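There are 2 protein chains.
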Amino acid sequence: MARTRDPARFEARRGEILEAAAGCFIRRGFHQTGMQEICAAAGMSPGALYRYFDSKESIIEAIAEAEQRENATLLADLAESPDPVAGLEAVVEAVLLAYADPDEGRLAVEVLAEAARNPRVAEGFLRNAAELKAGVVAVLEAGQAEGAIDPGLAAAPAAEVLIALLDGLCGRSILDPEHDPHALLPTLRILIRRFLTAPA
Amino acid sequence: MARTRDPARFEARRGEILEAAAGCFIRRGFHQTGMQEICAAAGMSPGALYRYFDSKESIIEAIAEAEQRENATLLADLAESPDPVAGLEAVVEAVLLAYADPDEGRLAVEVLAEAARNPRVAEGFLRNAAELKAGVVAVLEAGQAEGAIDPGLAAAPAAEVLIALLDGLCGRSILDPEHDPHALLPTLRILIRRFLTAPA
Chain A
95 MARTRDPARF EARRGEILEA AAGCFIRRGF HQTGMQEICA AAGMSPGALY
145 RYFDSKESII EAIAEAEQRE NATLLADLAE SPDPVAGLEA VVEAVLLAYA
195 DPDEGRLAVE VLAEAARNPR VAEGFLRNAA ELKAGVVAVL EAGQAEGAID
245 PGLAAAPAAE VLIALLDGLC GRSILDPEHD PHALLPTLRI LIRRFLTAPA
Chain B
95 MARTRDPARF EARRGEILEA AAGCFIRRGF HQTGMQEICA AAGMSPGALY
145 RYFDSKESII EAIAEAEQRE NATLLADLAE SPDPVAGLEA VVEAVLLAYA
195 DPDEGRLAVE VLAEAARNPR VAEGFLRNAA ELKAGVVAVL EAGQAEGAID
245 PGLAAAPAAE VLIALLDGLC GRSILDPEHD PHALLPTLRI LIRRFLTAPA
């Protein structure tokens, strides 16, 4: 009889390790975290953990893969939205609320800082950023073709500016102890709608 | 005769050390950088360097003080601008172009990651962020009082959204190898103007 893995259990255990590792990265930073610390946080022996991840880099690659899947979901929601402006508002709202937890912002900043120094870490996140930008450009261009978005806007810079806004919002919980995502939503909706639709 | 310091020379030397330290933080990260490495990069002995900074924390505090002075200059320029919308456009333009150098973005992200973990490091940057937000709120409210900015906008969320946009723009050079700040400027001006002025 072959020793087989239960795929669902394997995935669930991987997810638990990722969560434990993310907690370590947030508290101590990527560089200061050792594999042993991740084992302790996940309640596993090094031998057991190495069946799932062979290095900290492979853990951060898995974080990039999770981001990729989240972006793909956001872009699919956008593509399905009958009104591209409302769709973009909903995406910004969803991301802002997900980052209401300062730990999410801390992890994103920690990962970005490591990506800025370590090309192996950067690779996955640069690919995600390029895919996200291409996806938002496509949504803007489709919206322009159907008249919902100002055709005078240059789609690539407009996508980059919207993504920069999202990125910046994700860090606000670190920099502003009074940051309240809900208080920003009406103003963000005004910004997105005015920016993307031509003044009457 | 007392041994006196030439204040201008002292300041210049401090600036050189800060620059050398920033280069180390960008290449290796704040935590992985030792005082000895900063000494080597600045071409100084530890004894000489300790006359200027007694710890890495005091170096990062000096980086926060430099940011505070830059913010004060931006806010003074804004207060002097006869047109608040054009003034905000100019500030966003100046910051975006300063961050065209990816090393500026890398340092900002590295410092933010450290601030997210280390309250002593966070202190100066949180104070700067609060001052910047208060300054932008004051500019928006003054613009609303004189009719240049839509009085229907809530000033505090509008300021926070504009600052988030700026923050996010500062990281784009890390995440997008094709990032071209000049290509974004016309679109950014459209965004700021449409956001801040009521549709006719």
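Taken in sequence, the protein lines are chains A and B.
Residue numbering for the first sequence follows this note's numbering, beginning at 95 and increasing consecutively.
Residue numbering for the second sequence follows this note's numbering, beginning at 95 and increasing consecutively.
Positions of the beta carbon are idealized from the N, C-alpha and C atoms, including for glycine.
Computed from a predicted structure; not experimentally measured.
Subject >> Selection from A/A232, A/A242, A/A170, A/E174 that minimises the alpha carbon distance to A/P251 >> reply: For the purposes of this step, residue 251 of chain A is taken as residue 157 along the first sequence, with counting starting at 1. When each option's Cα is compared against that of A/P251, the closest is A/A232.
**OP:** Consult DSSP for B/D171 and reduce its assignment to one of helix, strand or coil.
**Re:** Working through the second sequence from its first residue, we reach residue 171 of chain B at position 77. Assigned with DSSP and collapsed to three states, B/D171 falls in helix.
Subject >> Element boundaries [alpha helix (DSSP H), containing A/T127] >> reply: Counting from one through the first sequence, the residue named residue 127 of chain A turns up at place 33. For A/T127, there is no enclosing alpha helix (DSSP H), as DSSP marks it with neither H nor E.
**OP:** Express the C-alpha separation of B/D177 and B/D241 in angstroms, rounding to a whole number.
**Re:** By 1-based counting over the second sequence, the position of residue 241 of chain B is 147. By 1-based counting over the second sequence, the position of residue 177 of chain B is 83. Note that residue 241 of chain B is Gly in the sequence shown, not Asp. Cα atoms of B/G241 and B/D177: separation of roughly 10 Å, rounded to the nearest angstrom.
Subject >> Contact check, A/F147 vs A/E208, beta carbons under 8 Å >> reply: Position 53 of the first sequence holds residue 147 of chain A. Position 114 of the first sequence holds residue 208 of chain A. Their beta carbons are not under 8 Å apart, which means A/F147 does not touch A/E208 by this criterion.
**OP:** Determine the contact status of A/V203 and B/L206, defining contact as a CB-CB distance below 8 Å.
**Re:** Working through the first sequence from its first residue, we reach residue 203 of chain A at position 109. Working through the second sequence from its first residue, we reach residue 206 of chain B at position 112. The answer is yes: Cβ separation under 8 Å.
Subject >> Listed by chain order, chain A residues near B/A223 by CB distance under 8 Å >> reply: For the purposes of this step, residue 223 of chain B is identified with residue 129 of the second sequence, where counting begins at 1. In chain order: L269, D270.
Original post:
Can you give the Cα-Cα distance for A/P280 and A/A184, rounded to whole angstroms?
Top reply: Translated into the one-based positions of the first sequence, residue 280 of chain A becomes position 186. Translated into the one-based positions of the first sequence, residue 184 of chain A becomes position 90. A/P280 and A/A184: Cα-Cα distance of roughly 12 Å.
Subject >> Beta-carbon contacts of A/A258 that lie in its chain and below 7 Å, excluding the five residues immediately before and after >> reply: If you number the first sequence from 1, residue 258 of chain A lands on position 164. Cβ within range, chain order: n/a, list empty.
**OP:** Could you spell out the range, first to last residue, of the alpha helix (DSSP H) harbouring B/D35?
**Re:** An answer regarding residue 35 of chain B cannot be provided, because it is not within the stretch 95 to 294 covered by chain B.
**OP:** Return yes when the Cβ of B/V189 is within less than 8 Å of the Cβ of B/C118, no when it is not.
**Re:** As a working note, residue 118 of chain B is residue 24 in the second sequence. As a working note, residue 189 of chain B is residue 95 in the second sequence. Not closer than 8 Å, so no.
Original post:
Any chance the segment 107-117 of chain B sits against the segment 282-290 of chain B, with 3 or more Cβ pairs inside 8 Å?
Top reply: The segment 107-117 of chain B, when compared against the segment 282-290 of chain B, does not touch it at the 8 Å Cβ threshold.
**OP:** Would you list, in chain order, the members of the segment 231-245 of chain B that have their beta-carbon closer than 8 Å to a beta-carbon of chain A?
**Re:** Listed by position along the chain: nothing, the set is empty.
Subject >> Boundaries of the alpha helix (DSSP H) in which A/Y193 is found, first to last residue >> reply: One-based indexing of the first sequence puts residue 193 of chain A at position 99. No alpha helix (DSSP H) contains A/Y193, which DSSP labels as neither H nor E.
Original post:
In angstroms, rounded to a whole number, what distance separates the CA positions of A/E164 and A/Q130?
Top reply: Residue 164 of chain A sits at position 70 when you count from the first residue of the first sequence. Residue 130 of chain A sits at position 36 when you count from the first residue of the first sequence. Cα to Cα, the separation comes out at about 29 Å.
Original post:
Looking at the unbroken alpha helix (DSSP H) that takes in B/N212, where does it start and where does it end?
Top reply: Position 118 of the second sequence, counted from the start, is the residue given in the question as residue 212 of chain B. Element bounds for B/N212: n/a, residue is neither H nor E.
Original post:
Between B/E225 and A/M138, what straight-line distance do the alpha-carbon atoms span, to the nearest angstrom?
Top reply: Numbered from its first residue, the second sequence carries residue 225 of chain B at position 131. Numbered from its first residue, the first sequence carries residue 138 of chain A at position 44. Going from the Cα of B/E225 to the Cα of A/M138 covers about 46 Å.
**OP:** Name, please, each residue of chain B whose Cβ falls closer than 8 Å to the Cβ of A/D177.
**Re:** In the first sequence, residue 177 of chain A corresponds to position 83, counting from 1. From the beta-carbon of A/D177, no residue of chain B is found nearer than 8 Å; the closest lies around 18 Å away.
Subject >> Cβ of B/T281 within 8 Å of any chain A Cβ >> reply: As a position in the second sequence, residue 281 of chain B is number 187, starting the count at 1. Under the 8 Å criterion on CB atoms, B/T281 is classed as interfacial with respect to chain A.
Subject >> Closer than 8 Å to chain B by CB, A/E164 >> reply: Here residue 164 of chain A corresponds to residue number 70 of the first sequence, with the count starting at 1. Interface criterion not met: the Cβ of A/E164 is under 8 Å from no Cβ in chain B.
Original post:
Mind checking A/M95: buried by the 16 CB within 10 Å criterion, or exposed?
Top reply: Taking the first residue of the first sequence as 1, we reach residue 95 of chain A at position 1. In this prediction, A/M95 scores a pLDDT of 46, lower than 50, which makes its location untrustworthy; the coordinate-derived value is nonetheless stated afterwards. When all chains shown are included, A/M95 counts as exposed.
Original post:
Roughly how many whole angstroms lie between the Cα atoms of A/G218 and A/I111?
Top reply: Walking along the first sequence from the start, residue 218 of chain A turns up at place 124. Walking along the first sequence from the start, residue 111 of chain A turns up at place 17. If I take the Cα positions, the gap works out to 19 Å.
Original post:
Is the CB of B/I284 under 8 Å away from at least one CB in chain C?
Top reply: Given the protein chain composition of this structure (A and B), no chain C is represented.
Original post:
Would DSSP call B/A134 helix, strand or coil?
Top reply: Here residue 134 of chain B corresponds to residue number 40 of the second sequence, with the count starting at 1. Of the three classes helix, strand and coil, the one that applies to B/A134 here is helix, per DSSP.
Subject >> B/L260 versus B/A170 - alpha carbon distance >> reply: Locating residue 260 of chain B in the second sequence gives position 166, where the first residue counts as 1. Locating residue 170 of chain B in the second sequence gives position 76, where the first residue counts as 1. Inter-residue distance for B/L260 and B/A170 is about 18 Å (C-alpha atoms, whole angstroms).
Subject >> Close beta carbons around B/A308, own chain, < 8 Å, minus the five adjacent residues each side >> reply: Nothing in the structure corresponds to residue 308 of chain B, since chain B is present only between 95 and 294.
**OP:** Assign A/R121 to one of three DSSP states: helix, strand, or coil.
**Re:** Walking along the first sequence from the start, residue 121 of chain A turns up at place 27. Three-state DSSP puts A/R121 in a helix.
Original post:
Does DSSP put A/M95 in a helix, a strand or coil?
Top reply: Looking up residue 95 of chain A in the first sequence gives position 1. Because A/M95 sits at a pLDDT of 46, beneath the cut-off of 50, its placement in the model cannot be relied upon, and the point is left open.
**OP:** Using a threshold of 8 Å, state whether the C-beta atoms of B/N222 and B/A158 are closer than that.
**Re:** Position 128 of the second sequence holds residue 222 of chain B. Position 64 of the second sequence holds residue 158 of chain B. Taking a C-beta distance under 8 Å as the contact criterion, B/N222 and B/A158 qualify as a contact pair.
Original post:
With distances taken between CB atoms, is the gap from B/A114 to B/A136 smaller than 8 Å?
Top reply: In the second sequence, counting from the first residue as 1, residue 114 of chain B sits at position 20. In the second sequence, counting from the first residue as 1, residue 136 of chain B sits at position 42. Yes, the pair counts as a contact, with Cβ atoms nearer than the cut-off.
Subject >> Cβ neighbours of B/I284 in the same chain (closer than 6 Å, five flanking residues each side left out) >> reply: Indexing the second sequence from 1 puts residue 284 of chain B at position 190. If you ignore the 5 residues before and after B/I284, its C-beta comes within less than 6 Å of no other C-beta in its own chain.
**OP:** Take B/L282 and list the residues in its own chain whose beta-carbon comes closer than 6 Å to its own, dropping the five residues that flank it on each side.
**Re:** To locate residue 282 of chain B, count along the second sequence from 1; it is residue 188. Excluding residues within five positions, the ones whose Cβ falls inside 6 Å are V186.
**OP:** Starting from the C-beta of B/P126, find all residues in its chain whose C-beta is less than 8 Å away, skip the five residues before and the five after it, and write them out in chain order.
**Re:** Taking the second sequence and counting its residues from 1, the one referred to as residue 126 of chain B is at position 32. A small fix is needed here, since residue 126 of chain B is Gln in this sequence, not Pro. For B/Q126, where only same-chain residues beyond five positions count, there are no Cβ hits under 8 Å.
Subject >> Local Cβ density within 10 Å of B/A102, reported as buried at 16 or more and exposed below that >> reply: As a first step, residue 102 of chain B must be located in the second sequence, where it is residue number 8. When all chains shown are included, B/A102 counts as exposed.
**OP:** Output, in chain order, the set of chain B residues within a Cβ distance shorter than 7 Å of A/P251.
**Re:** Against the first sequence, residue 251 of chain A aligns to sequence position 157. Near A/P251 (Cβ distances below 7 Å), the residues of chain B are A277, L278, T281.
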